[in-house]
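Each residue of the sequence shown is one higher than the one before, starting from 115 at the first, in my numbering. Each residue gets a CB set at the ideal place from its N, CA and C atoms; glycine is no exception.
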Amino acid sequence: MAAFLQISEEDAQDAVQFWVQANILQPQETTAAQPMLAAIPEPAAPQSSPPVPPKTQRGSREIKLDPSEIAHSLEQSQELKDLFLCAEKLFGRMLNHMEQRSLLWIHSYLGMRSEVLLTLLGYCVSMDKVSMSYAESIAISWMEQDITTLAQAEAEIKRLTAEQSYLSQIRKLFEMHHSPTSQQKKYIENWRNAGYSMELLEYAYELTIESIEKLNFKYINTILEKWAAQGITNADEAKRLRKSTSAEKYPSSAQSNAELDEYLSVVNRFRKE
């Protein structure tokens, strides 16, 4: 079928699986079907250090699973069947073959518990990233950090949400139309950890634009560090400091005019001579 339609075998399998799940087609009984879980290594026994996927399996793309194998696994496990149904409700659609494979790999190979996995998927949906590949990358990171319980997952999501909210405010404040670079993200994370308010950041941004006429994270950071060294914690204090510094540093307009007149008279005298 794949050759006739000039599509990939996986797309063809997805098409067949769709009609099977819609009860339009019925798979024939066969003794050749083997349980899918046999194709995936069992999760390692609990260790003192968090489990890290071996190099031979860095993701679900590195394993081969037919739709029939996935269907067989669902038939053998009510927990997996419920997991798939809940995932489809969260995504608002049926999962394709690659998404099913990824979901099964996270659950059966990484050993992530169903409630933790569904919490992760809920977070992805809230971020408008309805993607199993995105969820899989986070799942691997969580297992490396030994985030395995529901309480740990909820705490990590709370941290990520606060981080994303701060990042979104910075992008809006700095009028950024693209995602920050890795280096810019480091600055933003340092500012968040330091507890800089949006008002203080906005004033530092205004001074930066006024001075160099462009967004420069390093320049903004230098301003913030100088304020921190002087005990400045809010925008009002920073404005009062700048006002007092400007009064000392720059002459009054009358003084400036007098100095300019003196300069011009010297220049004119040299021209005559």
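Backbone CA spacing between residue i and residue j [nearest angstrom]
| i | j | result |
| --- | --- | --- |
| residue 309 | residue 282 | 16 angstroms |
| residue 244 | residue 238 | 6 angstroms |
| residue 323 | residue 241 | 31 angstroms |
| residue 257 | residue 355 | 48 angstroms |
| residue 302 | residue 284 | 8 angstroms |
| residue 211 | residue 175 | 11 angstroms |
| residue 221 | residue 343 | 49 angstroms |
| residue 116 | residue 123 | 5 angstroms |
| residue 235 | residue 177 | 22 angstroms |
| residue 328 | residue 293 | 17 angstroms |
| residue 200 | residue 273 | 24 angstroms |
| residue 121 | residue 138 | 22 angstroms |
| residue 202 | residue 248 | 16 angstroms |
| residue 194 | residue 270 | 24 angstroms |
| residue 311 | residue 266 | 28 angstroms |
| residue 255 | residue 345 | 38 angstroms |
| residue 341 | residue 295 | 25 angstroms |
| residue 357 | residue 321 | 13 angstroms |
| residue 304 | residue 325 | 23 angstroms |
| residue 189 | residue 125 | 23 angstroms |
| residue 207 | residue 131 | 14 angstroms |
| residue 129 | residue 179 | 15 angstroms |
| residue 191 | residue 279 | 39 angstroms |
| residue 298 | residue 353 | 25 angstroms |
| residue 226 | residue 127 | 26 angstroms |
| residue 330 | residue 228 | 44 angstroms |
| residue 246 | residue 300 | 27 angstroms |
Neighbour-count burial assignment, residue i, 16 or more Cβ in a 10 Å radius
| i | result |
| --- | --- |
| residue 196 | exposed |
| residue 339 | exposed |
| residue 260 | exposed |
| residue 319 | buried |
| residue 287 | exposed |
| residue 133 | exposed |
| residue 337 | buried |
| residue 334 | buried |
| residue 216 | buried |
| residue 290 | exposed |
| residue 118 | exposed |
CB-CB length for residue i against residue j, believed under 8 angstroms
| i | j | result |
| --- | --- | --- |
| residue 264 | residue 233 | 6 angstroms |
| residue 184 | residue 214 | 5 angstroms |
| residue 306 | residue 351 | Contact flag wrong, Cβ pair sits at about 20 angstroms. |
| residue 348 | residue 316 | With a Cβ gap of about 11 angstroms, residue 348 and residue 316 do not count as contacting. |
| residue 262 | residue 230 | 7 angstroms |
| residue 187 | residue 218 | 7 angstroms |
| residue 268 | residue 173 | About 25 angstroms separates the two Cβ atoms, so there is no contact after all. |
| residue 253 | residue 224 | 6 angstroms |
What are the complete alpha helix (DSSP H) segments, minimum 4 residues, inside the region 185-227? 192-205, 211-222
Pick out the complete beta strand (DSSP E) segments inside the region 231-295, 3 residues or longer, and give them in chain order. none
Which full runs of the alpha helix (DSSP H) of 4+ residues lie inside the region 305-357, going along the chain? 312-326, 331-343
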